[in-house]
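Residue numbers (my numbering), protein chains in the order written: chain Z, 21 to 130; chain A, 2 to 114. Below: the structure, in structure tokens.
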Amino acid sequence: GQQVMQIPQYQHVQEGEDFTTYCNSSTTLSNIQWYKQRPGGHPVFLIQLVKSGEVKKQKRLTFQFGEAKKNSSLHITATQTTDVGTYFCAGPGTASKLTFGTGTRLQVTL
Amino acid sequence: GAGVSQTPSNKVTEKGKYVELRCDPISGHTALYWYRQSLGQGPEFLIYFQGTGAADDSGLPNDRFFAVRPEGSVSTLKIQRTERGDSAVYLCASSPVHGDGYTFGSGTRLTVV
Numbered sequence: 021g022q023q024v025m026q027i028p029q030y031q032h033v034q035e036g037e038d039f040t041t042y043c044n045s046s047t048t049l050s051n052i053q054w055y056k057q058r059p060g061g062h063p064v065f066l067i068q069l070v071k072s073g074e075v076k077k078q079k080r081l082t083f084q085f086g087e088a089k090k091n092s093s094l095h096i097t098a099t100q101t102t103d104v105g106t107y108f109c110a111g112p113g114t115a116s117k118l119t120f121g122t123g124t125r126l127q128v129t130l
Numbered sequence: 002g003a004g005v006s007q008t009p010s011n012k013v014t015e016k017g018k019y020v021e022l023r024c025d026p027i028s029g030h031t032a033l034y035w036y037r038q039s040l041g042q043g044p045e046f047l048i049y050f051q052g053t054g055a056a057d058d059s060g061l062p063n064d065r066f067f068a069v070r071p072e073g074s075v076s077t078l079k080i081q082r083t084e085r086g087d088s089a090v091y092l093c094a095s096s097p098v099h100g101d102g103y104t105f106g107s108g109t110r111l112t113v114v
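Take a look at the structure:
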């Protein structure tokens with residue numbers, strides 16, 4: 021079945037440093053979604069990318085969808101403590117279900 | 002409502018008992034999803050409803066799990082003869098149409114003792 025892997029599993033940065041998480045799918049995706057889950061919280065939808073090579077920005081967050089539509093990345097510039105959480109990518113699998121990646125847990129310290 | 006509501010927020014049950022978890026999606030959202038999340042893992046798909054019908058139940062782990070959405074709004078996930086391995090956070094999500102980003106509820110933390 022479809023597998024969605026993310027690296028790294030965990031990253032600890034100092035506030036102000038940049039952060040990037042990478043997402044790789046075993047199959048070509050029609051689109052990719054990104055979610056953020058704060059500790060003890062539930063996943064919150066951030067963005068959806070649809071086009072090959074698409075780049076979207078949300079303030080300090082930059083999302084990219086690979087040319088082959090099998091990978092994606094999320095880059096955070098100048099991290100803040102409010103960025104703490106686990107970031108999941110998710111891609112549609114067979115027919116309907118959204119398969120979530122393994123997640124990258126981000127810890128930010130002052 | 003303003004968001005996806007799940008009740009109860011926490012449920013502790015004894016092994017072998019029956020439990021029901023409720024999800025009230027955002028009004029007007031036709032697509033409803035159930036996921037299960039274990040500690041340190043990503044959400045794992047269970048079932049997807051389009052309106053009243055289960056469009057994809059391929060994620061239900063076995064026949065002890067069943068879900069309904071009789072009027073196309075509220076959904077109930079039912080687990081029979083619970084096992085300790087069923088312990089997890091059960092997340093419900095809805096979207097306006099299938100394929101849009103999901104709005105998740107706060108989840109039900111199920112603990113089977």
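For each residue, glycine too, the CB sits at the ideal point set by N, CA and C. Just so it is clear, the structure is predicted and the values come from calculations on it, not from any experiment.
> Are there 16 or more other CB atoms within 10 angstroms of the CB of K79/A, so buried, or fewer, so exposed?
Replying inline: exposed
>> Can you check which of these residues, L92/A, S95/A, V98/A, S88/A, is closest to V1/A by C-alpha distance?
In response: Residue 1/A cannot be examined here, being either before or after the span of chain A that is shown, 2 to 114.
> Can you tell me where the beta strand (DSSP E) with S45/Z in it begins and where it stops?
Replying inline: 39 to 45
> Under the three-state reduction of DSSP, which class applies to R85/A: helix, strand or coil?
Replying inline: Under the three-state reduction of DSSP output, R85/A falls in the helix class.
> Residues of chain Z with a CB under 7 Å from the CB of P44/A: which are they?
Replying inline: Within chain Z, P63, F120 have C-beta atoms less than 7 Å from the C-beta of P44/A, given in sequence order.
> Which partner residues of I96/Z appear in the DSSP bridge assignment?
Replying inline: For I96/Z, which the question treats as bridged, DSSP gives the partners F39/Z, L81/Z.
>> Measuring straight from C-alpha to C-alpha, what distance separates D101/A and A56/A?
In response: 16 Å
>> One question on the structure: do Q42/A and H99/A come within less than 8 Å of each other, judged by their Cβ atoms?
In response: no
>> Taking the beta carbon of Y19/A as the centre, do at least 16 other beta carbons fall within 10 Å, making it buried, or is it exposed?
In response: When all chains shown are included, Y19/A counts as exposed.
>> Considering just the uninterrupted stretch of the beta strand (DSSP E) at D57/A, what are its terminal residues?
In response: 54 to 57
>> Just list the residues that DSSP pairs S50/Z with in beta bridges.
In response: None; S50/Z has no bridge partner.
>> Nearest by alpha-carbon distance to K16/A: which of R110/A, Y103/A, V90/A, E84/A is it?
In response: With respect to the C-alpha of K16/A, the residue from R110/A, Y103/A, V90/A, E84/A having the closest C-alpha is E84/A.
>> Residues of chain Z with CB closer than 8 Å to the CB of T104/A, please, in chain order.
In response: F65
> If you measure beta-carbon to beta-carbon, which residues of the region 95 to 110 of chain Z are closer than 7 Å to chain A?
Replying inline: F108
>> For the pair the region 75 to 94 of chain Z and the region 50 to 64 of chain Z, tell me if three or more CB-CB distances fall below 8 Å.
In response: yes
>> Between the alpha carbons of L92/A and G36/Z, how many angstroms are there, rounded?
In response: 33 Å
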